[in-house]
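Note sheet for the following structure.
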Amino acid sequence: MTVTPGWYMALAAVLFVIGASGILLRRNALVMFMSVELMLNAVNLTFVAAGRELNVIDGQISVLFVMVVAAAEVVVGLAIIVAVFRRRKTASVDELAGLRG
Amino acid sequence: MVFLSLSFWREAGGAMNVNYLSVAPELILTVAVVLLLMIDVQWKPGYRWWGIAAALGFAGAIAASVMQWVGHRGEDAAEYFRGMIATDGFSAFAGILIFPIAAMALMTAWPLVRSLGRRGAEFVVLVMIAAAGAHLMAAASNLVMLFIALEVFSISLYVLAGFTRARADADEAALKYFLLGALASAIFLYGIALVFAATGTTSITGIATFLGNELLFRPGILLAGIALLVVGLGFKVSAAPFHVWAPDVYQGAPGGVTGFLAASAKIAGFAAAARVLTVALDARIEDWAPAIGVIAAVSIVVGTLLAIAQTDLKRMLAYSSVAHAGFILTALVGGAAGVADMWFYVATYAVQVVAAFGVAAVVSGPQQGPAPLADYAGLSTRSPGLALALGLMMLAMGGIPLTAGFVGKAAVFSAALDADYLWLVVLALVAAVAGLFFYLRVVVLMYMQPAEGSGSVPVPLGARIVLVVAAVVTVLAGVVPWPLLRWLGEALPG
Numbered sequence: 000m001t002v003t004p005g006w007y008m009a010l011a012a013v014l015f016v017i018g019a020s021g022i023l024l025r026r027n028a029l030v031m032f033m034s035v036e037l038m039l040n041a042v043n044l045t046f047v048a049a050g051r052e053l054n055v056i057d058g059q060i061s062v063l064f065v066m067v068v069a070a071a072e073v074v075v076g077l078a079i080i081v082a083v084f085r086r087r088k089t090a091s092v093d094e095l096a097g098l099r100g
Numbered sequence: 000m001v002f003l004s005l006s007f008w009r010e011a012g013g014a015m016n017v018n019y020l021s022v023a024p025e026l027i028l029t030v031a032v033v034l035l036l037m038i039d040v041q042w043k044p045g046y047r048w049w050g051i052a053a054a055l056g057f058a059g060a061i062a063a064s065v066m067q068w069v070g071h072r073g074e075d076a077a078e079y080f081r082g083m084i085a086t087d088g089f090s091a092f093a094g095i096l097i098f099p100i101a102a103m104a105l106m107t108a109w110p111l112v113r114s115l116g117r118r119g120a121e122f123v124v125l126v127m128i129a130a131a132g133a134h135l136m137a138a139a140s141n142l143v144m145l146f147i148a149l150e151v152f153s154i155s156l157y158v159l160a161g162f163t164r165a166r167a168d169a170d171e172a173a174l175k176y177f178l179l180g181a182l183a184s185a186i187f188l189y190g191i192a193l194v195f196a197a198t199g200t201t202s203i204t205g206i207a208t209f210l211g212n213e214l215l216f217r218p219g220i221l222l223a224g225i226a227l228l229v230v231g232l233g234f235k236v237s238a239a240p241f242h243v244w245a246p247d248v249y250q251g252a253p254g255g256v257t258g259f260l261a262a263s264a265k266i267a268g269f270a271a272a273a274r275v276l277t278v279a280l281d282a283r284i285e286d287w288a289p290a291i292g293v294i295a296a297v298s299i300v301v302g303t304l305l306a307i308a309q310t311d312l313k314r315m316l317a318y319s320s321v322a323h324a325g326f327i328l329t330a331l332v333g334g335a336a337g338v339a340d341m342w343f344y345v346a347t348y349a350v351q352v353v354a355a356f357g358v359a360a361v362v363s364g365p366q367q368g369p370a371p372l373a374d375y376a377g378l379s380t381r382s383p384g385l386a387l388a389l390g391l392m393m394l395a396m397g398g399i400p401l402t403a404g405f406v407g408k409a410a411v412f413s414a415a416l417d418a419d420y421l422w423l424v425v426l427a428l429v430a431a432v433a434g435l436f437f438y439l440r441v442v443v444l445m446y447m448q449p450a451e452g453s454g455s456v457p458v459p460l461g462a463r464i465v466l467v468v469a470a471v472v473t474v475l476a477g478v479v480p481w482p483l484l485r486w487l488g489e490a491l492p493g
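Going down the list, the protein sequences come from chains S and B. Residue numbers for the first sequence, in numbering that gives the first Met the number 0: 0 to 100. Residue numbers for the second sequence, in numbering that gives the first Met the number 0: 0 to 493.
Written as structure tokens, this is what we have:
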């Protein structure tokens with residue numbers, strides 16, 4: 000049995016769903032953030048697999064841009080999580096209930 | 000899994016066609032940002048020079064956008080940098096709209112900038128970068144370029160939302176905005192990847208050509224991609240049911256930031272949505288238009304109903320912005336025919352929302368924190384000017400005739416009627432009437448309730464200018480909307 004790019008696309012879809020479930024089910028801000036990174040990597044896998052299947056370079060190129068943007072997002076995201084953690088001594092989003100209505 | 004587009008790939012686009020005018024607004028703002036940061040590190044000149052650098056940057060960006068409008072609208076639209084940047088009436092008008100809005104928001108946030116001490120320079124820089132990203136979203140003609148622009152814009156806003164470290168609710172707002180924004184970006188990006196997998200290109204015009212020429216026998220991947228793109232953009236423009244972040248973020252972020260966030264997210268988000276839906280996916284309008292109609296209806300109903308229950312002005316405006324996102328989406332159910340009507344609503348709403356949050360920022364003091372409605376009781380006796388400005392913005396958002404809000408609603412409803420979405424227009428009309436309740440409640444509170452505290456609220460010069468400009472624009476666009484409507488007929492994707 001040969002493993003075609005379609006298999007990678009299916010794996011990426013599974014990874015994406017796992018990441019999305021992590022966002023919805025976990026309550027720790029750091030774990031939720033890791034789930035977002037998992038989703039981005041699932042997208043990268045989709046890009047590479049589709050680019051390989053279609054024999055165009057755009058897929059591989061897109062991955063490089065996504066990785067740069069994800070790195071920038073990590074910088075800002077971790078800074079925000081650290082700021083929240085310093086004030087409240089917890090990174091659980093359940094503690095963040097000051098704003099409601 | 001079989002790809003029907005196996006043999007299809009886009010021509011490389013010929014030579015690298017460079018045109019610096021097409022990215023001039025971004026270049027000018029970036030140069031201003033770098034100069035501001037370098038001068039600030041070296042000489043520490045203080046906030047006056049930050050203001051001058053920002054004013055020069057925004058003035059240059061507006062001038063460049065006007066030059067794009069003069070030279071590239073209509074027939075002269077073109078794509079540059081190997082099909083990455085589109086320079087047409089659409090992107091030029093987005094620049095003419097976004098940069099003055101960003102400058103106005105910065106003026107209302109100026110007392111906050113001054114109170115931040117040395118960190119104020121970073122605040123000014125982030126607003127400028129976010130504005131550049133917002134314009135790039137409207138000008139991107141490649142989905143990967145659009146994603147990068149979206150992230151430049153969003154990441155700046157995550158930081159801005161939590162900029163006042165002294166208040167606990169600001170970092171809560173920043174974390175909520177960041178987590179849900181990152182989720183929305185990932186969903187949007189997966190949409191791009193699936194559309195790429197189905198069509199073999201990320202170029203917006205390339206996708207349009209492919210979908211116009213090829214008949215897809217198994218369009219599942221494409222449809223999933225379209226759905227994810229719509230969800231991702233729905234998050235960014237705070238359309239229900241993807242609006243859950245908006246109230247917390249709007250309430251927690253400083254008033255001047257919230258005005259910019261609300262206005263620029265609407266402009267950039269709807270510009271991107273219009274280009275993706277009506278250009279790239281135009282051949283698939285039967286697939287996405289019903290979904291847009293349902294999202295619009297849900298947004299209008301949810302936003303209106305929840306706004307009625309609010310006791311904080313910023314939170315009420317957040318839910319009202321959800322409803323407005325629904326009204327604006329109403330224009331898009333007709334596809335390309337509704338783009339001019341969408342622009343009219345977006346432009347006038349952006350001005351109104353910046354001014355309304357400007358008043359909230361002034362009334363809640365230099366930290367620009369929460370804005371409980373009780374603070375506005377009897378505002379007309381304490382500060383008649385502020386009460387008049389906020390009252391006018393409330394009437395305009397409610398859609399009272401002779402304000403821009405009325406013309407905007409009439410425009411988007413006529414676009415939806417042309418597309419045979421009668422049920423949506425009827426629903427929107429009912430919701431608009433119900434919405435008058437909470438807009439007029441603010442007016443009644445200001446004009447017919449006794450003042451609790453005495454003493455007028457001091458209005459800084461920047462906020463004063465913003466409120467006067469916004470009031471003039473709102474009345475003018477409401478009484479004589481025809482010149483603006485005629486220009487917007489040329490603000491279309493090329």
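Here a beta-carbon is modelled for each residue, glycine too, at the ideal position from N, C-alpha and C.
Taking 8 Å as the CB threshold, V13 of chain S stays off the interface with chain B. For I191 of chain B against A238 of chain B, the beta-carbon gap comes to about 19 Å, at or over 8 Å, which does not count as contact.
For S61 of chain S, at least one C-beta of chain B is nearer than 8 Å to its own C-beta.
Spanning the alpha carbons of S455 of chain B and A470 of chain B requires a straight line of approximately 21 Å. By the CB criterion at 8 Å, R314 of chain B and L210 of chain B fall outside the cutoff. With a contact defined as Cβ atoms closer than 8 Å, G254 of chain B and A359 of chain B qualify at about 5 Å. For G219 of chain B, the number of other beta carbons within 10 angstroms of its own is below 16, and it is reported as exposed. For S202 of chain B, DSSP records a beta bridge to B:N141.
Below the 9 Å Cβ cutoff, chain B contributes L178, A181, L182, S184 and A185 as neighbours of V35 of chain S, in chain order. Per DSSP, I56 of chain S is not a residue of any beta strand (DSSP E), being assigned neither H nor E. Taking a contact as a CB-CB distance under 8 Å, the pair L178 of chain B and L227 of chain B does not count as one, their CB atoms being some 18 Å apart. Each of B:L125, B:G82 and B:V478 was checked against the Cα of N141 of chain B, and the nearest Cα belongs to B:G82.
Of the candidates B:G302, B:V474, B:A330 and B:F326, the residue whose Cα lies closest to the Cα of A317 of chain B is B:G302. Under the criterion of beta carbons closer than 8 Å, W68 of chain B and F98 of chain B do not qualify as touching, at roughly 12 Å.
With contacts defined by Cβ atoms closer than 8 Å, M447 of chain B and G390 of chain B do not form a contacting pair.
Taking C-beta separations shorter than 8 Å and ignoring five residues to either side along the sequence, the partners of Q366 of chain B in its chain run L111, S114, T163, A165, R166 and P253, following chain order. In this model, F436 of chain B and A308 of chain B are separated by some 11 Å (Cα to Cα). Under DSSP, S34 of chain S forms no beta bridge with any residue. Across the set S:V81, S:N27, S:V73 and S:R26, the C-alpha of S:V73 shows the shortest separation from the C-alpha of L39 of chain S. At least one C-beta of chain B is nearer than 8 Å to the C-beta of I22 of chain S. R164 of chain B reaches chain S at A82 and R86, counting residues in chain order whose Cβ is nearer than 9 Å. A direct Cα-Cα distance of roughly 23 Å separates F234 of chain B from G407 of chain B.
Assignment of E489 of chain B by DSSP, reduced to helix, strand and coil, places it in the coil class.
Within chain S, no residue has its beta carbon less than 7 Å from that of G116 of chain B; the closest one is some 17 Å off. Residues of chain B whose Cβ lies closer than 8 Å to the Cβ of A71 of chain S are, in chain order, E150 and I154. Taking A279 of chain B as the centre and dropping the five residues before and after it, the same chain places the C-beta of I203, I206 and A207 closer than 7 Å to its C-beta, in chain order.
Nearest CB-CB separation between L29 of chain S and chain B: not below the 8 Å threshold. D311 of chain B carries a strand assignment under DSSP once its states are collapsed to helix, strand and coil. Counting only residues of its own chain and dropping the five nearest sequence neighbours on each side, M31 of chain S has a CB closer than 8 Å to the CB of G21, I22, R25 and V92.
Spanning the alpha carbons of V345 of chain B and V458 of chain B requires a straight line of approximately 27 Å.
In the structure shown, I27 of chain B adopts helical secondary structure according to DSSP, grouped into three states.
Secondary-structure assignment with DSSP links I84 of chain B through a beta bridge to B:Y79 and B:A139. Chain B has a Cβ within less than 8 Å of the Cβ of I79 of chain S.
V143 of chain B reaches chain S at S61 and F64, counting residues in chain order whose Cβ is nearer than 7 Å. Contact annotation: the segment 58-78 of chain B does not touch the segment 262-280 of chain B, with fewer than three C-beta pairs closer than 8 Å. For P240 of chain B and L182 of chain B, the gap between their C-alpha atoms comes out near 14 Å.
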